[in-house]
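See structure below.
Given below as C-alpha cells:
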C-alpha cells in the first residue's frame, strides 16, 4: 500500500495470539497520531450515576404525589393545552423529557438573527413556565462569540466573493428550481459543481444532493440490501445508522476506531458467512467517518484501507466534518494521511460545514455514480439544489483550491490549523479534560454531570460566548460535555476571550462537588420548601419568601 508520492505507508504486519491484525506505520506522519480519551474518574462516574438515580427516584415520587394532589409544583407536568394530544413519547422518554430535558432546554434552539460567523447576534428569550414555552423580549444579545457552528473555514458570511457570486446566480437562475434533476431541474451549474467536486476529491465522478443527512440515509440503501453486511463504527452519525437500517442489510458494530474489533468482525464474516445458510455475504461494507463530531477523533484510515484490501470489503467514508477542515489542501482525511482517493470506494461529504452552503455529495468511480443516479431515492425524487447554494459551493471550493488567483484558501486552511492547535493547547495547559485528535477542530470539553450541562451553557452565554452542550442520550450517560468548534474566522483574541471564562468555570469539571456552595443551596431550598408548606395560603408571605431567596 503506497501513497501518491510513492512513500511506503504500510510496512509491518504483526499477528497476535488471536490472529488479529495490527498495523505499524513508519514514516507516514509528520508528527505522532495523538488522540486523547481520558477515562472518567471513578468518583465522578459514581456521583454522575447517583445524580441520575436521585433524579429518577424523586421524579417518580413527585409524579406519585402530584397524582394524589399532594405535590403542588407543576414544573414537570405536561401543559394543559397539550393534554388532548396523543402522547409523543413512550413512558420513560416522557419522564426523562419532563424531569431533565425541560430543566435545561433553554440551552438549545436559540434563535440567531445575524450571520452565524465568528460572532453572531441572538434573540433574547425568557420562559415563565419552566422552559415549556419561550417568549422573545424584543432585545438582541450582540456580538456573541460563536463556538458552536461548523464554520471551519469561515465561509458563513454575507460579504465577499462567495456572497457576490450567490447574488449573481440568484439573478440569473432564481432561487428555486421546481423539479428533480432527472426531469427539468438539471442546470448547467449543477453539472459544473459536480465536475469540480470530482476534481477536488481526485475521483472519477461525483453527484450532489440537497440535504447532507439524506445523502447518507438515502444512498446506503441503494448500495446494500438483503444478504449484505454493514460493519459500522459504534459512534457513527445518526444518518449513517438510519441508512444502514433502511437498507435491510445485516449490521454489526465495531468499537470506535478499534482495528482489532473491526478485523475480528471481518474474519468472522468471511469464515461463517450469512446466518443459518452460511453462504458468503454478497457484499461487506465498512462505514466510518472522517472526523467524529461528538468525540473530535479522526478515523484511522490507513489501517482501515489495509484491512479493507486484505478482506476484499468495500469502504464508505463520511467526510462531513473532515472535508475542508483536514489536510494540507483541505481535501479531508484522505489528504491528511496522504493516501490515494481511489482506495476509498465511496467518498461522502457535506457542503454544510467548511463550504458554508447546504447539501452533500457522493464521489467515486463513474460506474458507481451512474448507478446511484438511477437507483438513489435522493437523486430520483428530491428537488434540485438551489442555484445560489450551488454557486456558493463552486466559489468557496475554487477559493480552497486556489483557482481564484489568490492565497485566501491556503491562508484559511493554515489559520484553521493554527487556531486548532492553539486552542487545544491552551485548554490542556489549564488542566481541562478534552477529547479527540490534536488536529481536529472539534474540541469536546468534558463536564460529566448532567446538572453542569445547563450551568455551563448559561454561564458562558452570560459572558457572550455561544457554546454547544451535549448529554445523554447523544453521549454516554457519564460523559456529558461542551463542544467547541474552532474556525479560521476566529482571532487569537476571541479564543483567549473564550478560554478565560472557561478557566473561571473550571470548577464545573475538576471539582465534582463544591461542598460549601452545595450545602448553601440545600439550606436555601429546604428553607423555601418549609416556608411554602407552612404559609402556602398566605400570598404575602409566599411572595416574601421568594424575594428573599
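In the UniProt record's numbering, the protein residues as written are 1 to 549. A virtual CB, placed ideally from N, CA and C, is assigned to each residue, including glycine.
Check the C-beta distance from residue i over to residue j and give it rounded, since I have them as a contact under 8 Å.
i	j	result
residue 484	residue 147	5 Å
residue 273	residue 319	In fact, because the Cβ distance is near 31 Å, the residues do not count as touching under 8 Å.
residue 465	residue 145	5 Å
residue 379	residue 62	Residue 379 to residue 62, Cβ: 51 Å. No contact.
residue 456	residue 443	That belief does not hold up - the Cβ atoms of residue 456 and residue 443 are roughly 14 Å apart, past 8 Å.
residue 480	residue 185	Contact flag wrong, Cβ pair sits at about 44 Å.
residue 362	residue 326	At roughly 19 Å, the Cβ-Cβ gap does not stay under 8 Å, so residue 362 and residue 326 are not in contact.
residue 48	residue 316	With a Cβ gap of about 35 Å, residue 48 and residue 316 do not count as contacting.
residue 458	residue 501	Not really, about 12 Å apart at Cβ, beyond 8 Å.
residue 437	residue 298	4 Å
residue 218	residue 376	6 Å
With DSSP run on the structure shown, which of helix, strand or coil describes residue i?
i	result
residue 167	helix
residue 439	coil
residue 186	coil
residue 302	helix
residue 232	strand
residue 378	helix
residue 331	coil
residue 469	strand
residue 60	helix
residue 119	strand
residue 555	No information on residue 555 is available, as it lies outside the stretch 1 to 549 that the chain covers here.
residue 446	strand
residue 40	coil
residue 369	helix
residue 66	helix
residue 267	helix
residue 157	coil
residue 110	coil
residue 97	helix
residue 26	Since pLDDT at residue 26 reaches only 37, below the 50 mark, its modelled position is unreliable, and the value read off the structure follows with that caveat. In the structure shown, residue 26 sits in coil (DSSP, three-state: anything other than H, G, I, E or B).
residue 434	strand
residue 126	strand
residue 502	helix
residue 497	helix
residue 383	strand
residue 194	helix
residue 35	strand
residue 395	helix
residue 84	coil
residue 277	coil
residue 491	coil
residue 48	helix
Identify which residue in the options has its Cα closest to the Cα of residue i.
i	options	result
residue 398	162, 218 and 289	162
residue 249	121, 220 and 389	220
residue 310	334, 84, 264 and 329	264
residue 101	185, 247 and 453	453
residue 117	437, 486, 496 and 502	486
residue 190	201, 169, 204 and 203	169
residue 286	293, 277, 343 and 339	343
residue 95	332, 130, 81 and 55	55
residue 247	225, 255 and 238	225
residue 474	238, 303 and 407	238
residue 203	427, 282 and 334	334
residue 369	353, 357, 346 and 351	346
residue 430	421, 499, 364 and 450	499
What first and last residue would you give for the alpha helix (DSSP H) that runs through residue i?
i	result
residue 420	408-429
residue 283	Careful: residue 283 lies outside any alpha helix (DSSP H), inside the beta strand (DSSP E) at 283-289.
residue 457	450-462
residue 216	212-217
residue 349	Premise fails: residue 349 lies in the beta strand (DSSP E), 346-350, not in any alpha helix (DSSP H).
residue 220	220-223
residue 238	238-247
Mind checking if residue i is an interface residue toward chain B, Cβ cutoff 8 Å exclusive?
i	result
residue 455	Although the question refers to chain B, the structure presented lacks it and comprises just one protein chain.
Less than 8 Å between the beta carbons of residue i and residue j, yes or no?
i	j	result
residue 115	residue 386	no
residue 632	residue 141	The question about residue 632 has no answer, for the chain in this structure spans 1 to 549.
residue 359	residue 389	yes
residue 394	residue 196	yes
residue 266	residue 307	yes
residue 427	residue 482	no
residue 210	residue 382	yes
Between which two residues does the beta strand (DSSP E) harbouring residue i extend?
i	result
residue 250	250-254
residue 405	Neither: residue 405 is in no beta strand (DSSP E) and is coded neither H nor E.
residue 136	135-146
residue 480	480-485
residue 316	314-318
residue 362	360-364
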